[in-house]
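Asks: Numbers given in the working numbering equal positions in the sequence shown, counted from 1, plus 254.
Glycine included, C-beta positions come from ideal geometry on N, C-alpha and C.
What follows is a structure written as structure tokens; I'll ask about it next.
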Amino acid sequence: MNSEVGMAEVKILESETEISLQLDGSFNITNCGVLREALETVIAKKQDRIMIDCQKLLEIDSSAIAELVKTTRNVIGKKKLFLRGVNPEIMKTFKVVGLHTFFKMV
């Protein structure tokens, strides 16, 4: 599944043990629905490990962060969710809102 809206794109890649969600661009209130749909899709898959690849994530606002928080809370005890490749600017945002310890980073 590939979804693209404006300056944001989401790609879903699957292996036997892991499903990866690749975020590319800027996610905000105008396009966080695409992120929400992709997150719902990966949660419904059989894999126990969800990797959200943030290497190409340029910006994220509070609405998109809220989608990540909601998804993380929904999978606690059911699946393992990780964020990979969070750049320093995005990490700074996570620290400001106190989420740098909430998300599992690899």
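Give a yes or no on whether the C-beta atoms belonging to L225 and E268 are separated by under 9 Å.
Replies: Outside the modelled stretch of the chain, which goes from 255 to 360, sits residue 225, for which no answer is possible.
Asks: Look at the alpha carbon of V259 and the alpha carbon of L275, and state the distance between them as a whole number of angstroms.
Replies: For V259, the pLDDT reaches just 46, beneath the cut-off of 50, and the residue's location in the model is therefore unreliable, although a value from the coordinates is still provided. When rounded, the distance between both Cα atoms is 15 Å.
Asks: Measure the alpha-carbon distance for N256 versus S280 and round it to whole angstroms.
Replies: In this prediction, N256 scores a pLDDT of 49, lower than 50, which makes its location untrustworthy; no coordinate-derived value is stated.
Asks: From T326 to F357, what distance separates their C-alpha atoms?
Replies: About 8 Å.
Asks: Need the endpoints of the alpha helix (DSSP H) that K349 sits in, please.
Replies: Element bounds for K349: 342-350.
Asks: Leaving out the 5 sequence neighbours to the left and right, which residues in its chain are closer than 7 Å to S316 when beta-carbon positions are compared?
Replies: No residues qualify anywhere along the chain.
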